[in-house]
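Protein chains in written order, with my numbering: chain A, -14 to 309; chain B, 17 to 392. Note that beta-carbon positions come from the ideal geometry of N, C-alpha and C, so glycine has one too.
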């Protein structure tokens, strides 16, 4: 049996649901042929692909070792768990879910601390006054150390925390924390505040490729197919299709629309009959429709795009470049 | 076994013992806390860490200075002059080379004759390289006490003095600090400025009351480590800093001029005397010790003219308080320092000693010495 391309997907929780939904949207239907309790799956019409259901942390380990080719996991875990992450993995694309920031948060009572520079000063003063270093609770030991080192902060101690990190300052086991937050509500409820320049990482779920995996010709071919589908859907999701037909449409108007609304012209300018197809970012659709009618369009039809397949495959190009 | 001592290393230790240093062998498994606390979190990535069933962090010793110091403090001789030498494995994650490697070294505690003790360290360090066939290594030397004395003598806000001393060990931050000091602290936030202006000239009690009120208006119940008093004190400090938002150009020039002084110790001492006279800064006590040390070095037969002294040289660990040195292979066959050490008079207090105990020592990288050409 030839070795398949292995994609590791989170086995549990919201991340699994989001990942499955993501693959389904791209036309990659994940199935478990041997039943739902199986931790090995497949993709309906791609027999050369195996899906491994694993915990998010395991996925990172296996990516680092090259045991799997691709994995879906948070950038926060990748950067925390793999030293020199970019030497070992390629972050192919953000998947638009699992958003969370890794932040430095201090007690709200520290009204004199707004920036990392303030924190640096306070940390040194704290050591001199208390004859011990300020304690920082986190499970992001490596991210914290690198970030603090970049800010020249040395007078602190990390207290490793595996759960309920936000509670550490109130419990008296640490003075400040580095943790993940989406809305900041939990931090506020625990009397904590994010330092303004204290966002260490804006993380989301990523499709990650392992450099150390076996990337022979068959694996690359499968990867190209998978990434083509993902790219076509990513491109489709980023745009709406805008169609219209009117005589007043000229190159100057297209140039203006490119400039103002970021449109793309997948088929070039208007046809001889004046038919025009544009791709427009969703947030500019209304402004574009208004502008086209000002210039004489009678009707402007906007529709969602299913897939946009292009000759160029930017995601596969990124993989190839990364593996080179 | 990669880290087994060879015969030459044992002979080196014997020579240290003959010089009056008692051989000790501290535990390999150590509590992690003192290393992280004293060497900083940056060392964590290089340590072999584990946890005992009670949840305490333990490590395989990444160096021997802290273990030897802790054993000395726990012994009945704590506080009395004692001299130790060691040879054994230390453990650090390294990009190249095994995680376990041999270090030898010396720690000398409680000696009041600091200049002589400093000179003895460098002389014994040179004996160690000579023992491996390198009679004339490159000698890099610094004196952290000079920078501390300079900063103490400058008319600067306490917050800046704190920073400059801390950043002395991180040279890129020091440059940034000098830039920031020179440019001014005008990036301070407007709402902050209001508080600082309100506090200008007030006494600690009034500042304390204002901060208490501010917190209570904001509905914040104080949590987390720092007291209202500490926050108020810092506001006062910042407020005082407001009057001194930028470092006078001359002061920055002075620090830079100081950091440019170097050469052999005699030249450097002459330059520093001239610098101190011109800038009207009292460095006399520190320079007296410096010159006395140079005298002891010459008396021990060290070719003082070969020492490369620099005021900007530090060893990157904030527990050094004075003399620091590193020895290198001039042909660079062995990469990195062969011998390195210095004075760390603050270390034992930070390890829990009630009274100050002077301390000086150095470590020897046995495997690097063993790589030197012309050795079997």
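DSSP three-state call for residue i: helix, strand or coil?
| i | result |
| --- | --- |
| residue 224 of chain B | helix |
| residue 23 of chain B | helix |
| residue 187 of chain A | strand |
| residue 213 of chain A | helix |
| residue 175 of chain A | coil |
| residue 121 of chain A | strand |
| residue 200 of chain A | coil |
| residue 339 of chain B | strand |
| residue 371 of chain B | coil |
| residue 301 of chain A | helix |
| residue 293 of chain A | coil |
| residue 37 of chain B | coil |
| residue 312 of chain A | The requested residue 312 of chain A is not part of the displayed model; chain A covers only -14 to 309. |
| residue 256 of chain A | coil |
| residue 152 of chain B | coil |
| residue 380 of chain B | strand |
| residue 254 of chain B | helix |
| residue 155 of chain A | helix |
| residue 386 of chain B | helix |
| residue 116 of chain A | coil |
| residue 165 of chain A | strand |
| residue 182 of chain A | strand |
| residue 232 of chain B | helix |
Distance, Cα to Cα, residue i vs residue j?
| i | j | result |
| --- | --- | --- |
| residue 127 of chain B | residue 361 of chain B | 10 Å |
| residue 142 of chain B | residue 62 of chain A | 47 Å |
| residue 151 of chain B | residue 172 of chain B | 45 Å |
| residue 138 of chain A | residue 55 of chain B | 13 Å |
| residue 137 of chain B | residue 49 of chain B | 28 Å |
| residue 18 of chain A | residue 306 of chain A | 34 Å |
| residue 260 of chain A | residue 229 of chain A | 6 Å |
| residue 281 of chain B | residue 322 of chain B | 9 Å |
| residue 167 of chain A | residue 84 of chain A | 7 Å |
| residue -10 of chain A | residue 53 of chain A | 8 Å |
| residue 144 of chain B | residue 315 of chain B | 18 Å |
| residue 157 of chain A | residue 241 of chain B | 7 Å |
| residue 163 of chain B | residue 310 of chain B | 18 Å |
| residue 95 of chain A | residue 148 of chain A | 24 Å |
| residue 118 of chain A | residue -8 of chain A | 44 Å |
| residue 246 of chain A | residue 273 of chain A | 7 Å |
| residue 246 of chain B | residue 264 of chain B | 28 Å |
| residue 244 of chain B | residue 62 of chain B | 37 Å |
| residue 114 of chain B | residue 125 of chain A | 27 Å |
| residue 118 of chain B | residue 97 of chain B | 26 Å |
| residue 104 of chain A | residue 345 of chain B | 40 Å |
| residue 320 of chain B | residue 158 of chain B | 14 Å |
| residue 299 of chain A | residue 120 of chain B | 55 Å |
| residue 384 of chain B | residue 160 of chain B | 26 Å |
| residue 339 of chain B | residue 129 of chain B | 13 Å |
| residue 24 of chain A | residue 10 of chain A | 22 Å |
| residue 115 of chain A | residue 267 of chain A | 55 Å |
| residue 106 of chain B | residue 77 of chain B | 6 Å |
Can you tell me which residues form a DSSP beta bridge with residue i?
| i | result |
| --- | --- |
| residue 164 of chain B | Answer is none; residue 164 of chain B lacks a bridge partner. |
| residue 351 of chain B | None, per the DSSP bridge assignment. |
| residue 264 of chain A | A/226, A/249 |
| residue 110 of chain B | Answer is none; residue 110 of chain B lacks a bridge partner. |
| residue 58 of chain B | Answer is none; residue 58 of chain B lacks a bridge partner. |
| residue 73 of chain B | B/67 |
| residue 16 of chain A | A/27 |
| residue -6 of chain A | A/38 |
| residue 126 of chain A | DSSP output for residue 126 of chain A lists no bridge partner at all. |
| residue 98 of chain B | B/125 |
For residue i, which residues in chain E fall below 7 Å Cβ to Cβ?
| i | result |
| --- | --- |
| residue 110 of chain A | Structure shown: chain E not included; protein chains present are A and B. |
The stretch 168 to 185 of chain A in contact with the stretch 249 to 260 of chain A per 3-pair CB rule at 8 Å: No: fewer than three Cβ pairs fall under 8 Å.
Closer than 8 Å is the cut-off here; do at least three beta carbon pairs connect the stretch 66 to 81 of chain A with the stretch 43 to 54 of chain A? yes
Could you give the uninterrupted runs of the alpha helix (DSSP H) lying entirely in the stretch 38 to 101 of chain A, keeping only those of 4 residues or more? 41 to 50, 60 to 66, 70 to 73
Would you call the stretch 267 to 280 of chain B and the stretch 326 to 335 of chain B in contact, with 3 or more CB pairs under 8 Å? yes
Are the stretch 233 to 242 of chain A and the stretch 210 to 223 of chain A touching by the rule of at least three beta carbon pairs closer than 8 Å? no
I'd like to know if the stretch 85 to 101 of chain B and the stretch 37 to 53 of chain B are in contact, where contact means that at least 3 CB-CB pairs between them fall below 8 Å. Look at the beta carbons and you see the stretch 85 to 101 of chain B touching the stretch 37 to 53 of chain B: at least three pairs across the two are nearer than 8 Å.
How about the stretch 379 to 390 of chain B and the stretch 355 to 370 of chain B: do they share at least three Cβ pairs that are nearer than 8 Å? yes
List in chain order: all unbroken alpha helix (DSSP H) runs of 4+ residues lying wholly within the stretch 284 to 340 of chain B. 300 to 315
Does the contact criterion of 3 or more C-beta pairs under 8 Å hold for the stretch 104 to 114 of chain A versus the stretch 172 to 184 of chain B? yes
Given 8 Å as the limit, is there contact between the stretch 271 to 290 of chain A and the stretch 97 to 111 of chain B, that is, 3 or more CB pairs closer than that? no
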